[in-house]
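Protein chains: 2
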Amino acid sequence: MSIKKYLPILRWLPNYRLAIFNQDLMAAMIVTVMLVPQSLAYAMLAGLPPEVGLYASIAPLLIYALFGTSSALSVGPVAVIALMTLTTAGNIVSTEGDAYLTTVILLTFISGIMLTLMGLFRLGFLANFLSHPVISGFITASAIIIAVSQLKHLLGVSVSGHNLPELLLALVKALPELNLATLLMGSGALLFLYASRRWPLLAQLGFSHGVASGVGRLAPILAVVVTTWLAAQFSLIEQGVAVVGDVPAGLPPLVMPSTDVSLWQQLWVGALLISIVGFVESVSVGQTLAAKRRERIDPDQELIALGCANLGAAVSTGMPVTGGFSRSVVNFDAGARTPAAGALTALGILVVILWFTPLLQTLPIATLAATIIIAVLSLIDTHAIKHTWRYSKADFSAMLLTVVITLLQGVEAGILAGVGLSLALHIYRTSRPHTAVVGRVMGTEHFRNIERHKVETSANLMIIRVDESLYFANARYLEDQVQTLVSESPELKHLVISCQAVNLIDASALDSLESINARLKDTGVKLHLAEVKGPVMDRLARVDFPRRLSGEIFMSTFDAWQQLKN
Amino acid sequence: MSIKKYLPILRWLPNYRLAIFNQDLMAAMIVTVMLVPQSLAYAMLAGLPPEVGLYASIAPLLIYALFGTSSALSVGPVAVIALMTLTTAGNIVSTEGDAYLTTVILLTFISGIMLTLMGLFRLGFLANFLSHPVISGFITASAIIIAVSQLKHLLGVSVSGHNLPELLLALVKALPELNLATLLMGSGALLFLYASRRWPLLAQLGFSHGVASGVGRLAPILAVVVTTWLAAQFSLIEQGVAVVGDVPAGLPPLVMPSTDVSLWQQLWVGALLISIVGFVESVSVGQTLAAKRRERIDPDQELIALGCANLGAAVSTGMPVTGGFSRSVVNFDAGARTPAAGALTALGILVVILWFTPLLQTLPIATLAATIIIAVLSLIDTHAIKHTWRYSKADFSAMLLTVVITLLQGVEAGILAGVGLSLALHIYRTSRPHTAVVGRVMGTEHFRNIERHKVETSANLMIIRVDESLYFANARYLEDQVQTLVSESPELKHLVISCQAVNLIDASALDSLESINARLKDTGVKLHLAEVKGPVMDRLARVDFPRRLSGEIFMSTFDAWQQLKN
């Protein structure tokens, strides 16, 4: 039972059959072909040697197959996480030296530990700090930064910059040095890839939607094959076209992550953000795909699975990994039935790295840049932006702030600002809970807002209904409001707070009630409560609040009315 | 109307009479006598020359009298803010050089701007980020740090340290160098002050409680007078007793705050924390005192008043100020009726600084340290700690974390960790809203939890009631729960979410509803809503959600039941 919970492979492996294997194998072959250029490209985007991307596509996939609960999630390097890796590690050491790879490995390792611990301690709720507008704004901004950062490879120039204005300026300055052969090759690949997404030719030719979109997604490998052949055939390297070059063949080298304490201290914030963004992305893809088959995934176990996958990536010279959206959809559409599809994909990549790396030697960097640009452009969600604008200006402002700060200040600052604003908006929204002064509907036991209904009231008794749990964000507001109401009612002798909608009174709100009680006592007004829920009452009793209360606690508002109205 | 709002002095000055003036003058004289040693002591605590404390007790009080809404609040230097000033500015430049005063002045200025802007933009709700356990833990820990940091003055040794372990270690190491005369003088003052708080002698001698506690609070000035006289009479300076020394007479020098951009960048976080802690302290004292007279204060106007007071402090060579607890209570008890009492106190301090500074020359530093220690020990709130432990372990853990991190890592880290944990706890608590699958109470239009009541249900229809607003922190939970319920009900055709308790659906929750809708559609289940509140419905309609919804939106749960149960 418990072993099955932490090792989900034990749930599906005993029932594994040949028919399922055939489906998984088919999916694995398609995903492998797709993953080779992607993993090279995302390693490049993260400022790493190309083989690191391949390494990160072996151990993590095998490990996810043991621990993961999604049947179709394809784990590996993804674009946004690669950008975050570049930003976090590149801020500490230069991407040029050997220390950079060491830093990335440690970053992957810390992220793996964090994800695993979050899973073990069931802290998946931490991902809830990221509201959808913040994630959406962050991913849109990241996609823009990634696309712009790849333009240099299309132009064949060398520039750098940490944010959008810097990058754009550097690009414009470098324009005169562009390499024509690279530009032709890169823009040709870009146009081809763009067209293959826009024109669903295969579907028009009568293929089923699934096959058409599956093959459409294989356009990148076609671009890779053609441009690699062109580069080799016409010796384009002599024309200044940059290529991947020698990719060392062989198994991923095992490494021990650094134990440099100061490096840990510098990396943990970045690792936390990478962990949370990766988890949020992965779990939403996983949930969407699981729902299509009426299955479900276990978010806490997913944290453990992603955590172990990253630990595996770290010790096998990899980079941070998570479940990627496009690959997972292809995996699902191609018929992956179990996580074994992922394990088979890992074996496919292993075959590539053992025997086929020479084929990658003349793969032009510009082609990889084109695949990245096309992949990330689909992440720019203009629909979500318009939609959020129409739906809620507050949520839109959080999204916009995230976009602007991410573009101008980088990914860490952007996401932190977005989280801060989301929380601030929430605190603001709940800091003024709806409260109403209520009176008795004539001849009944019901009480209604005195401003909306014709109700019976009494000059020496005021009944306030609070429509929200009381906690630190709104405790002070309640104090303030009671004070305002009481200062306007000189004849008042009794104040009743009706608590039927109060699910929680935290320590701050309790303090506020104590203050209200004491202040009212000073002015000769008694404070009463009514309709306090069981669990709330238990807590209040634990600190003797009912004894300190100047008034009483009534079962119902009507009881309070009957006893106090005169 | 609007001018009166922003200049509250126009509300009370027109009705000002001699009788009120007499009361204000009496209070001002008592507070002035109390404020002289306090402002010297808190300037010393903040690492500043003694006269800066006096300067900060002139302009800010005059300005608060123009803009403030509390009749008894006594603005000026306070202990916790002085410690925060030392920590923030001392982390950037050494307290030894001239740059330190410049840095403190800029800190005061930035804090003044922040408070004023927060008031103008009605951002007082930002103070709600600080839950009571966090404030209480922070103040307790600060008080411990302050008390320990003053021990060196009682011992006559010179040590320094940024956190408690460092300070304690340095003190123990310095113990052999202690100065006996200083120790005798300091501990004598300490015992006297301690005793004067504990033994309400005057009350026993028949004085009224107000007078007794008022005079009791004047014990510090008695200690100052006696030890200053002793130091002068017996030339204790030659025995190694440190004294205040020359305090320059004359008006506070006017200064322009620094425009060094990098200094602004380094100071703004500290300034923000000082602003919020200062505001929270000040507004809670103000509210308590106002309530005693059935008056009320306006928190947003208080922000403006404290902001302008700090701007005034900055340009007149002062330090950050706020409303202090003990002085305000004395001011109130002594009969202050209007903010004019504060203005008269400022005039009192002006008289002192113009003509009486020579009297302060032989005031022993040890006496000031003793007054600080006694003042801050009363801030250590062991009752609140025990109380919070009994009431709520979650709130207690936030308090404990704040105390521990403040003691070990300093004030900024402590308060930020406390705020972070409070928010995390709140997100955690609301991330799992109460939901119930409901069924129909036989023969009625009422629906109740199927687990608690004997109710009618239908295999192809499930009705879920959600008892909380839906927002980013709980959106994902709802998705997850719906998926679990649906995966367990193979015959399901219709799912109804009953929304009578949903006051808000933010953009994240809307996305979740869209996902739930799309996923259910994929599995042949229709999603319906019931009892959606008017404002929530308006928003959903704005983005055409009802049209995309696979099912319908029903006025009542009973309507949904009748139409869908078969």
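Chains B and U supply the protein sequences, listed in that same order. No gaps in the numbering here: position 512 of the first sequence is 512 in this note's numbering, and each next residue is one more. One gets this note's numbering by counting positions in the second sequence from 1 and adding 566 to each. Glycine is no exception: its CB is placed at the ideal position from the N, C-alpha and C atoms. Owing to the predicted nature of the structure, the values given are computational and were not obtained by experimental measurement.
From residue i to residue j, what does the alpha carbon distance come to, in whole angstroms?
{"i": "U:S549", "j": "U:I971", "result": "Coverage of chain U is limited to positions 567 through 1132, which leaves residue 549 of chain U absent and any answer about it impossible."}
{"i": "B:L154", "j": "B:Y42", "result": "16 angstroms"}
{"i": "B:P364", "j": "B:L171", "result": "20 angstroms"}
{"i": "U:N1132", "j": "B:R11", "result": "36 angstroms"}
{"i": "B:S158", "j": "B:I146", "result": "15 angstroms"}
{"i": "B:S94", "j": "U:F704", "result": "40 angstroms"}
{"i": "B:P535", "j": "B:V543", "result": "13 angstroms"}
{"i": "U:T1050", "j": "U:E1057", "result": "14 angstroms"}
{"i": "U:T1123", "j": "U:V1004", "result": "10 angstroms"}
{"i": "U:L579", "j": "U:M592", "result": "18 angstroms"}
{"i": "B:G76", "j": "B:L54", "result": "9 angstroms"}
{"i": "U:A797", "j": "U:V597", "result": "25 angstroms"}
Should residue i go down as buried or exposed, given a rule of 16 or more other Cβ atoms within 10 Å for buried?
{"i": "B:A351", "result": "It is Val, not Ala, that sits at residue 351 of chain B in the sequence shown. By the neighbour-count rule (16 or more Cβ atoms within 10 Å), B:V351 is not buried but exposed."}
{"i": "U:P786", "result": "buried"}
{"i": "U:S868", "result": "In the sequence under discussion, the amino acid at residue 868 of chain U is Glu, which differs from the Ser named in the question. By the 10 Å Cβ count, U:E868 comes out buried."}
{"i": "U:E864", "result": "A small correction: the amino acid at residue 864 of chain U is Asp; Glu does not occupy that position in the sequence shown. So U:D864 ends up on the buried side."}
{"i": "U:A1025", "result": "exposed"}
{"i": "U:K570", "result": "exposed"}
{"i": "B:K152", "result": "buried"}
{"i": "B:D506", "result": "buried"}
{"i": "B:Q150", "result": "buried"}
{"i": "B:E531", "result": "buried"}
{"i": "B:T182", "result": "buried"}
{"i": "B:F554", "result": "buried"}
{"i": "U:M885", "result": "buried"}
{"i": "U:T635", "result": "buried"}
{"i": "U:V1151", "result": "With chain U covering 567 to 1132 only, the question about residue 1151 of chain U has no answer from this structure."}
{"i": "B:L73", "result": "buried"}
By alpha-carbon positions, which one of the options ends up nearest to residue i?
{"i": "B:L254", "options": "B:T102, B:E488 and B:A79", "result": "B:T102"}
{"i": "B:L306", "options": "B:E51, B:A56 and B:Q361", "result": "B:A56"}
{"i": "B:V247", "options": "B:H132, B:P50, B:K526 and B:V525", "result": "B:P50"}
{"i": "U:F1111", "options": "U:H1094, U:N581, U:D1125 and U:W1127", "result": "U:H1094"}
{"i": "U:A979", "options": "U:M595, U:A856, U:S708 and U:V1048", "result": "U:S708"}
{"i": "U:S1064", "options": "U:G619, U:V792, U:I1029 and U:L966", "result": "U:I1029"}
{"i": "B:T116", "options": "B:T457, B:A398, B:L416 and B:I276", "result": "B:I276"}
{"i": "B:L311", "options": "B:M256, B:G443, B:S422 and B:I385", "result": "B:M256"}
{"i": "B:G567", "options": "B:P8, B:S71 and B:Q563", "result": "In the structure as shown, chain B starts at 1 and stops at 566, and residue 567 of chain B therefore has no counterpart that could be examined."}
{"i": "B:G524", "options": "B:P252, B:R548 and B:K493", "result": "B:K493"}
{"i": "B:V567", "options": "B:I105, B:G90, B:E552 and B:V329", "result": "There is no way to answer for residue 567 of chain B, as the model of chain B reaches only from 1 to 566."}
{"i": "B:G335", "options": "B:R17, B:N22 and B:L7", "result": "B:N22"}
{"i": "B:I374", "options": "B:L549, B:I144, B:L470 and B:L504", "result": "B:I144"}
{"i": "B:F121", "options": "B:D511, B:D300 and B:K393", "result": "B:D300"}
Per DSSP, residue i is paired with what?
{"i": "U:V1032", "result": "U:T1001"}
{"i": "B:F554", "result": "B:A530"}
{"i": "U:H698", "result": "U:H698 is not bridged to any residue."}
{"i": "B:S569", "result": "The requested residue 569 of chain B is not part of the displayed model; chain B covers only 1 to 566."}
{"i": "U:G930", "result": "Correcting the residue type first, residue 930 of chain U is Pro in the shown sequence and not Gly. Answer is U:V809, bridged to U:P930."}
{"i": "U:L1061", "result": "U:M1028 and U:L1093"}
{"i": "B:I505", "result": "B:L470"}
{"i": "B:R429", "result": "None, per the DSSP bridge assignment."}
{"i": "U:T825", "result": "Answer by DSSP bridge pairing: none, since U:T825 is not bridged."}
{"i": "U:R1006", "result": "U:F1013 and U:E1022"}
Give the residues from the region 1088-1122 of chain U that approach chain B closer than 8 angstroms (Cβ to any Cβ), ordered along the chain. Cβ contacts with chain B: D1088, T1089, R1105, R1108 and V1109.
Give the residues from the region 937-958 of chain U that approach chain B closer than 7 angstroms (Cβ to any Cβ), ordered along the chain. So the close ones are H953, T954, R956, Y957 and S958.
For the region 616-631 of chain U, list every residue whose C-beta sits within 9 angstroms of some C-beta in chain B, in sequence order. Result list empty, no residue passes.
Any residues in the region 694-727 of chain U with a beta carbon nearer than 7 angstroms to a beta carbon of chain B? Which ones, in chain order? For chain B, the residues of the region 694-727 of chain U that bring a beta carbon within less than 7 angstroms of one of its beta carbons are N694, F695, S697, H698 and P699, in chain order.
Could you please tell me which residues of the region 310-323 of chain B, in chain order, have their CB closer than 8 angstroms to any CB of chain U? Listed by position along the chain: nothing, the set is empty.
Pull out every residue of the region 979-998 of chain U whose Cβ sits closer than 9 angstroms to any Cβ of chain B, in chain order. Shown in chain order are the members of the region 979-998 of chain U whose Cβ falls below 9 angstroms from a Cβ of chain B: S988, L989, A990, L991, H992, I993, Y994, R995, T996, S997 and R998.
Taking a cut of 9 angstroms between CB atoms, which residues from the region 794-827 of chain U lie near chain B? Residues: none.
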